[in-house]
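Peer 1:
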Amino acid sequence: MQSYIQICDIEKYYGNPSNVTKAVDRVSFSVEKGEFVGVMGPSGSGKTTLLNMLATIDRVTSGHIFYENTDITELSENALSDFRKNNLGFVFQDYNLLDTLTIEENIILALTLQDEVKVIKPEESGNLGASSAPAGRRRSGAATGSAGSSLGKRQKIARSCDEILRLLGIEDIREKFPYQVSGGQKQRCACARALVNRPKLLLADEPTGALDSRAAQTLLETFTHLNRTMEATILMVTHDAFSASYCGRILFLKDGKIFHELIRGEKTRKRFLQEILDVLSLTGGELSDVE
Ligand SMILES: Nc1ncnc2c1ncn2[C@@H]1O[C@H](COP(=O)(O)OP(=O)(O)O)[C@@H](O)[C@H]1O
Ligand SMILES: [Mg+2]
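Residue numbers (the numbering used here): 538 to 828.
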């Protein structure tokens, strides 16, 4: 059976013939629908480059990337932009929020660009974030259920935006501009913007890098929930073993190549975390992206 994503021998070179950097060096792997895959590796090992090629933000130097049966390395710019819009959510390492828009407007913009707005149903958002808002204030309750389909686009956008702000615990900063909030809050906004359209594939570059451990845990639980209940496939770059332990499988990159893979299987998260730490200690343990 064909995998959901097949990465076939991709390479990315930067520079000119006299001074070439091989950022990604003949990487191949596949991802099945509904997997939650982590990518770990030291700074400069090619994690962002790899993710950007999967996100179609960057073109491969050679090789092919198939999403289901489509080779995205062969698509035109127009086809790529449709593909991105219909399938992908992306969390950038440096957030990429629009500075002239408030936190709420950044999210609304992402929703506005969609042809059809999907309202997050209560059973999909589950209990996540419930601690950040009293039950009585949760607008997702009866309001979104069966009535969701009869709502106009503007109402759907408002509902979806409210729900995702609540889910990520950033309702209280909705009116603020990115420069008025902390790095962790910007990061949660970037995640909210990527998640609000319920992408089939979520690509996240160090999404917990600026978060304290509690906020990181909430975000990872949100990812896990999205992965389990909405069957979203997730690829997450991280240098943090705790974050990686939420994944079902981890690919370890070094010098642009995959050198190891870990599969969680039926192991507890704690056990998996120990295995990850063991691999890191074998490779010198220094995966921090903080220069
Ligand atoms: N736009 C670029 N131009 C030239 N070199 C680049 C560019 N982007 C990344 N690189 C180089 O490619 C390698 C991999 O970078 P990157 O994918 O950002 O690594 P990571 O995300 O693992 O830290 C590094 O050596 C980096 O300096
Ligand atoms: Mg990076």
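Glycine included, C-beta positions come from ideal geometry on N, C-alpha and C. All figures in this text were calculated on a predicted structure; none of them were measured in a lab.
Could you check what DSSP says for Glu799 in three-state terms: helix, strand or coil?
Peer 2: Correcting the residue identity first, residue 799 is Leu in this sequence and not Glu. Leu799: strand per DSSP, three-state reduction.
Peer 1: According to DSSP, His776 sits in a beta bridge with which residue or residues?
Peer 2: Answer by DSSP bridge pairing: none, since His776 is not bridged.
Peer 1: Measuring only from the beta carbon, is Tyr632 closer than 7 Å to any heavy atom that is part of ligand 1?
Peer 2: Answer for Tyr632: no, Cβ out of range of ligand 1.
Peer 1: Can Cys784 and Phe627 be called in contact, C-beta distance under 8 Å?
Peer 2: No; because the gap between Cβ atoms is not below 8 Å, this pair is not in contact.
Peer 1: Take Phe834 and list the residues in its own chain whose beta-carbon comes closer than 7 Å to its own, dropping the five residues that flank it on each side.
Peer 2: Summary: the structure shown does not reach residue 834, with the chain confined to residues 538 through 828, and so no result is reported for it.
Peer 1: Using a Cβ-Cβ cutoff of less than 6 Å, which residues in the same chain neighbour Glu488 once the five nearest sequence positions on both sides are dropped?
Peer 2: A query on residue 488 cannot be resolved here, the shown segment of the chain reaching from 538 to 828 and no further.
Peer 1: Which residue wins for smallest C-alpha separation from Glu768, given the options Leu738, Leu688, Gly793?
Peer 2: Leu738
Peer 1: In the DSSP assignment, find the beta strand (DSSP E) that holds Leu648 and state where it starts and stops.
Peer 2: Looking at the DSSP string, Leu648 is not in any beta strand (DSSP E); the run it does join, the alpha helix (DSSP H), is 640 to 649.
Peer 1: List the endpoints of the continuous alpha helix (DSSP H) containing Arg725.
Peer 2: 720 to 732
Peer 1: Helix, strand or coil for Glu548 per DSSP?
Peer 2: strand
Peer 1: Tell me, to the nearest whole angstrom, how far the beta carbon of Leu788 is from that of Val576; I am working on the premise that it is less than 8 Å.
Peer 2: The Cβ separation is near 5 Å, so the contact holds.
Peer 1: Are the CB atoms of Glu812 and Val774 within a distance shorter than 8 Å?
Peer 2: no
Peer 1: Nearest-angstrom Cα distance between Asn553 and Lys559?
Peer 2: Distance between the alpha carbons of Asn553 and Lys559 is about 11 Å.
Peer 1: Determine the extent of the alpha helix (DSSP H) in which Asp619 is found, giving its start and end residues.
Peer 2: 614 to 624
Peer 1: Counting along the chain, where does the beta strand (DSSP E) carrying Met577 start and finish?
Peer 2: Annotation for Met577: the continuous beta strand (DSSP E) segment containing it runs 573 to 577.
Peer 1: What's the gap between the Cα of Leu748 and the Cα of Leu810?
Peer 2: As the crow flies, the alpha-carbon of Leu748 is around 19 Å from that of Leu810.
Peer 1: In its own chain, which residues sit with a C-beta less than 8 Å from the C-beta of Leu757, not counting the 5 before and 5 after it?
Peer 2: Thr745, Ser780, Tyr783
Peer 1: Can you check whether the CB of Ser540 is closer than 8 Å to the CB of Val557?
Peer 2: no
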